[in-house]
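A.B. asks:
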Amino acid sequence: MDMVSCQIRNLSAGFGAEVIGLETTGEIDAETRQALRKAFDERGALLFRKLDIDFAGQDRLCRMLIGDETPGSTETRKENHVSNKEDDGLAPSGRLMFHADMMWHEKPFQVLSLYAINVEPGSATTSLTSTEYAWRTLPEDLRKRIEGKHARHQTGQVYHRGGDDLLMPQRSVEQSTVKAIPEIHPRTGKPLLYVSQQMTHNIVELPEDESEELLLKVFDHLYAPDMVYEHEWQNGDLLVFDNIAMQHARGNVERDGPTRTLRKVIAPIPNIKAEAPRYAKA
Ligand SMILES: [Fe+2]
163 MDMVSCQIRN LSAGFGAEVI GLETTGEIDA ETRQALRKAF DERGALLFRK LDIDFAGQDR
223 LCRMLIGDET PGSTETRKEN HVSNKEDDGL APSGRLMFHA DMMWHEKPFQ VLSLYAINVE
283 PGSATTSLTS TEYAWRTLPE DLRKRIEGKH ARHQTGQVYH RGGDDLLMPQ RSVEQSTVKA
343 IPEIHPRTGK PLLYVSQQMT HNIVELPEDE SEELLLKVFD HLYAPDMVYE HEWQNGDLLV
403 FDNIAMQHAR GNVERDGPTR TLRKVIAPIP NIKAEAPRYA KA
């Protein structure tokens, strides 16, 4: 009889799990794949430490977590690095407020993973929060005020909520989408407190000042210290999270600061022609 070939333990009270002892060089057996998928859906994020994994392996793992077991296509794809040192590094500097990637799109991709290829001590942390856990724990008065309303999410950062070290993604055409609160997760069916500091522009049913006041109260809950997991990077760390149920943020990254190079792999690859953002500091 097969047995699950790794240990899975909770990373924080509300979400996240650490996977210990997974062997990723060969085929992952069926029971272990099932256990990892269950943990991913229930906990929203998986952390693997001291992992030796290449682009193809990271891609395979991300897709497996959402049920795609087809052979990969990494030979024909560019490997993307979030890096403050490499010439073509993504998001090379600046701070990022909490968001989910492509939140401004009707159908964002489902899995986002970051693998620490080269990180030096003191490099910026990545923080996670769960909109699924936040919805479950939202105080009743706030739930009553926001439930059934709709939020508009937009490209770029909502700059007035941040400081002057924000990274500003710039596009020639801004895009936005409107979603219900709660948003229902397309894979797990769970309700999500789907609003973010960086990308949620406003609650469409409310006047501007009332919308902002309500959003800031909701953010106080979503980003409270005990709702956030802050990851300090070490080489060989792989952090895989649900890009719909979770949000991520990072501290300030500087070009001349400690090296911070993370391989970013997403799944599925979105079938849209979105303009890649150019970056400038706020
Ligand atoms: Fe992001």
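Residue numbers (this note's numbering): 163 to 444. Where a beta carbon is used, it is the ideal one built from N, C-alpha and C, also for glycine. On a predicted model such as this, the values are computed, not experimentally measured, just so you know.
Consider the C-beta atom of LEU208 and the heavy atoms of ligand 1; say whether any pair is separated by less than 7 Å.
C.D. replies: For ligand 1, not one heavy atom lies less than 7 Å from the Cβ of LEU208.
A.B. asks: Comparing alpha-carbon positions, which option in HIS383, ILE346 and TRP266 lies nearest GLU302?
C.D. replies: The candidate whose alpha carbon is nearest that of GLU302 is HIS383.
A.B. asks: Grab me the residues of LYS379's own chain with a C-beta within less than 7 Å of its C-beta, minus the 5 sequence neighbours each way, in chain order.
C.D. replies: Once the five neighbours on either side are set aside, the close Cβ partners of LYS379 are LEU304.
A.B. asks: For chain B, is any of its Cβ atoms less than 8 Å away from the one on ALA192?
C.D. replies: Among the chains in the structure shown there is no chain B, since it carries only a single protein chain.
A.B. asks: Check whether the Cβ of LEU258 sits closer than 7 Å to any heavy atom of ligand 1, and report yes or no.
C.D. replies: Result yes, Cβ under 7 Å from ligand 1.
A.B. asks: Going residue by residue through the segment 230-317, where are the continuous alpha helix (DSSP H) segments of at least 4 residues, counting only ones entirely within it?
C.D. replies: If we require 4 residues or more, the alpha helix (DSSP H) runs fully inside the segment 230-317 come out as 293-298 and 302-308.
A.B. asks: Answer yes or no: do LEU258 and ARG412 have a C-beta to C-beta separation smaller than 8 Å?
C.D. replies: Yes, the Cβ-Cβ distance between LEU258 and ARG412 is below 8 Å.
A.B. asks: Residues bridged to ARG412 by DSSP?
C.D. replies: DSSP, once it has assigned bridges, lists LEU258 and THR288 as partnering ARG412.
A.B. asks: If you drop the 5 nearest sequence neighbours on each side, which residues of the same chain put their C-beta closer than 8 Å to that of GLY310?
C.D. replies: The answer, listed in chain order, is ALA342 and ILE343.
A.B. asks: Pull up the CB-CB distance for LEU368 and LEU376, whole angstroms please, since I reckon it's below 8 Å.
C.D. replies: Between LEU376 and LEU368 the Cβ distance is about 7 Å, and since that is below 8 Å, they are a contact.
A.B. asks: How many angstroms separate the CA atom of LYS352 from the CA atom of ARG195?
C.D. replies: Those two C-alpha atoms are separated by around 21 Å.
A.B. asks: State yes or no: is the C-beta of ASP263 nearer than 7 Å to some heavy atom of ligand 3?
C.D. replies: As far as ligands go, the structure on display features ligand 1 and does not contain ligand 3.
A.B. asks: Determine the closest residue to TYR277 out of PHE177, GLN319 and ASP399, with distance taken between C-alpha atoms.
C.D. replies: When only C-alpha atoms are compared, the closest one is ASP399.
A.B. asks: Quick one: give me the first and last residue of the beta strand (DSSP E) that LEU376 is part of.
C.D. replies: No beta strand (DSSP E) holds LEU376; the alpha helix (DSSP H) holding it covers 370-384.
A.B. asks: What residue range is occupied by the uninterrupted alpha helix (DSSP H) comprising ALA218?
C.D. replies: Run containing ALA218: 217-227, per the alpha helix (DSSP H) assignment.
A.B. asks: What residue range is occupied by the uninterrupted beta strand (DSSP E) comprising LYS341?
C.D. replies: Note, LYS341: beta strand (DSSP E), 338-342.
A.B. asks: What residue range is occupied by the uninterrupted beta strand (DSSP E) comprising THR423?
C.D. replies: Where THR423 is concerned, the enclosing beta strand (DSSP E) stretches over 422-429.
A.B. asks: For THR288, count the other beta carbons within 10 Å of its own beta carbon; 16 or more makes it buried, fewer makes it exposed. Which is it?
C.D. replies: Buried.
A.B. asks: Would you mind sorting HIS243 into buried or exposed? The rule is 16 or more other CB atoms within 10 Å of its CB.
C.D. replies: By the 10 Å Cβ count, HIS243 comes out buried.
A.B. asks: When the Cβ atoms of the segment 423-431 are set against those of the segment 223-234, are three or more pairs found closer than 8 Å?
C.D. replies: With the cut-off at 8 Å, the segment 423-431 and the segment 223-234 touch.
A.B. asks: Flag this pair as yes or no: are the beta carbons of LYS247 and THR421 separated by less than 8 Å?
C.D. replies: A contact, by the Cβ cut-off of 8 Å.
A.B. asks: Can you find a heavy atom of ligand 1 that lies under 7 Å from the Cβ of HIS315?
C.D. replies: No - ligand 1 has no heavy atom lying nearer than 7 Å to the Cβ of HIS315.
A.B. asks: Closest by CA to PHE260, which one among GLN359, PHE381 and LEU173?
C.D. replies: Of GLN359, PHE381 and LEU173, the residue nearest in Cα terms is GLN359.
A.B. asks: Using beta-carbon positions only, say whether SER245 and LEU401 come within less than 8 Å of one another.
C.D. replies: Going by C-beta atoms, SER245 is not nearer than 8 Å to LEU401.
A.B. asks: Can you tell me whether HIS347 is buried or exposed? The criterion is at least 16 other CB atoms within 10 Å of its CB, across all chains shown.
C.D. replies: Flag for HIS347 reads buried.
A.B. asks: List the endpoints of the continuous alpha helix (DSSP H) containing ARG205.
C.D. replies: 192-205 is the extent of the alpha helix (DSSP H) around ARG205.
A.B. asks: Assuming THR317 and GLU345 form a contact by the criterion Cβ under 8 Å, report the distance between their Cβ atoms to the nearest whole angstrom.
C.D. replies: At roughly 18 Å, the Cβ-Cβ gap does not stay under 8 Å, so THR317 and GLU345 are not in contact.
A.B. asks: Thinking C-alpha only, which one of PRO254, GLU231 and ALA197 is nearest GLU416?
C.D. replies: Comparing Cα-Cα distances from GLU416 to each of PRO254, GLU231 and ALA197, the minimum goes to PRO254.
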